[in-house]
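Inspection log for the structure reproduced underneath, given as structure tokens.
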Amino acid sequence: DTAVSQTPKYLVTQMGNDKSIKCEQNLGHDTMYWYKQDSKKFLKIMFSYNNKELIINETVPNRFSPKSPDKAHLNLHINSLELGDSAVYFCASSQQGASYEQYFGPGTRLTVT
Amino acid sequence: GESVGLHLPTLSVQEGDNSIINCAYSNSASDYFIWYKQESGKGPQFIIDIRSNMDKRQGQRVTVLLNKTVKHLSLQIAATQPGDSAVYFCAESHTGNQFYFGTGTSLTVIP
């Protein structure tokens with residue numbers, strides 16, 4: 248069973264469109280994250296949710312809106328897509344406790360044309 | 351923001367040799383560090399972690415060294431294998447909620 252899954256794996260869309268990426272974890276973790284990885288492989292945290300509540304919101308345009316319907320899901324909606332949004336987006340989850348190890352999903356490659 | 355950097359963006363090693371990947375961090379308040387491995391087309395995968403109250407931790411074929419004086423972290427991989435070829439990231443945190451990742455080092459193992 249996949250621990251952290253994301254859909255879709257690839258997303259190609261035009262500038263100005265609105266799109267969503269879904270994430271689900273079956274690990275029973277209480278914290279979920281969204282990261283953006285650019286073409287130089289730099290990984291930057293965007294959001295973090297703990298028990299469905301937003302706890303981290305890095306400097307991200309408000310075109311990006313995360314939604315956590317329950318502890319196991321954290322979706323990312325992006326409005327008015329721009330060329331600079333092209334990247335690989337990773338969802339991750341962790342359980343707060345002795346170890347903060349994060350389990351990452353396989354990533355969603357977003358290409359904005 | 352935080353600044354986590356790697357000294358070498360690429361590293362090539364011969365199969366069977368030991369690999370050392372370095373990482374510098376800037377926040378002296380960071381108390382928890384993780385090394386991740388990212389294979390092509392996949393998400394990062396946990397390798398090993400270390401807390402700031404330790405200066406060395408060993409896993410299976412991997413060792414992490416932490417030097418808080420100079421804010422430096424290293425990952426040593428013993429007897430490097432072709433399957434070790436990947437991009438390696440260090441990440442730091444002082445809250446456990448928020449991690450800052452380095453730019454990554456691409457390790458290539460030459461058979």
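For the record, the sequence lines run as chains E and R. Our numbering numbers the first residue of the first sequence as 248 and each following residue consecutively. Our numbering numbers the first residue of the second sequence as 351 and each following residue consecutively. We put the CB at the ideal spot given by N, CA and C, even for glycine.
Asked: Same chain only: Cβ atoms within 7 Å of Gln431/R, ignoring 5 sequence neighbours per side; Found: Glu365 and Val459
Asked: Selection of the stretch 275-306 of chain E by Cβ proximity to chain B, strictly under 9 Å; Found: The chain labelled as chain B is not found among the protein chains of the depicted structure, namely E and R.
Asked: Option in Asp265/E, Leu258/E, Ile302/E and Tyr282/E with minimal Cα separation from Asn326/E; Found: Asp265/E
Asked: Terminal residues of the beta strand (DSSP E) in which Leu457/R lies; Found: Thr455 to Ile460
Asked: Status (buried if at least 16 other CB within 10 Å, exposed otherwise) for Lys406/R; Found: exposed
Asked: Against chain E: residues of the stretch 436-456 of chain R by CB proximity under 7 Å; Found: Val437, Phe439, Ser443, Gly446, Asn447, Gln448, Phe449, Phe451, Thr453 and Gly454
Asked: Ordered list of beta strand (DSSP E) runs contained in the stretch 254-324 of chain E, each at least 3 residues; Found: 257-260, 266-272, 278-284, 290-297, 300-304 and 311-317
Asked: Coil, strand or helix - Asp399/R by DSSP; Found: strand
Asked: Contact check, Gly391/R vs Gly354/E, beta carbons under 9 Å; Found: yes
Asked: Neighbour flag for Gly433/R against chain E, beta carbons, 9 Å; Found: no
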